[in-house]
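Here the structure comes first, spelled out in structure tokens, and everything after it is commentary.
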Amino acid sequence: MRREESRYPKDWFRIGDRELRRAQNLLRLGDLDGAGFNLQQAIEKYLKGYLLAQGWELRRIHDLETLVNEAIIYDPSFEEFRA
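Each residue of the sequence shown is one higher than the last, beginning at 182 in this note's numbering.
Laid out in structure tokens, this is it:
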């Protein structure tokens with residue numbers, strides 16, 4: 182993303198899709214560390230996209246637990262992902 186990060190959920194979902202494809206490609210190559218990193222990145226982008234769609238104010242945060250906790254505020258079913 183640009184220095185001024187997008188506040189449009191679709192942009193975050195698009196980037197999440199790209200990170201997920203990278204993770205899948207790296208997994209096929211046997212690069213578990215790289216695949217895990219890109220999977221974490223994809224989940225972060227998807228969570229931010231979801232949160233922005235709910236009216237959440239974009240923050241520079243990369244912690245998945247914190248993002249899931251924020252998502253639970255809007256939809257308690259995210260609780261199953263906390264662990």
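For every residue, glycine included, the Cβ atom is placed at its ideal position computed from N, Cα and C.
| Item | Value |
| --- | --- |
| Just list the alpha helix (DSSP H) runs in the segment 231 to 256, keeping only unbroken ones of 4 residues or longer that don't cross its boundaries, in chain order. | 245 to 255 |
| With distances taken between CB atoms, is the gap from I253 to E246 smaller than 8 Å? | no |
| For E186, which residues from the same chain have a beta carbon less than 7 Å from its beta carbon, with the 5 sequence-adjacent residues on both sides left out? | L239 |
| Got a sec, what are the start and stop residues for the alpha helix (DSSP H) F259 sits in? | Counting along the chain, F259 falls outside any alpha helix (DSSP H), and DSSP gives it neither H nor E. |
| Given a threshold of 16 other Cβ atoms within 10 Å of its Cβ, counted over all protein chains shown, does K229 qualify as buried or as exposed? | buried |
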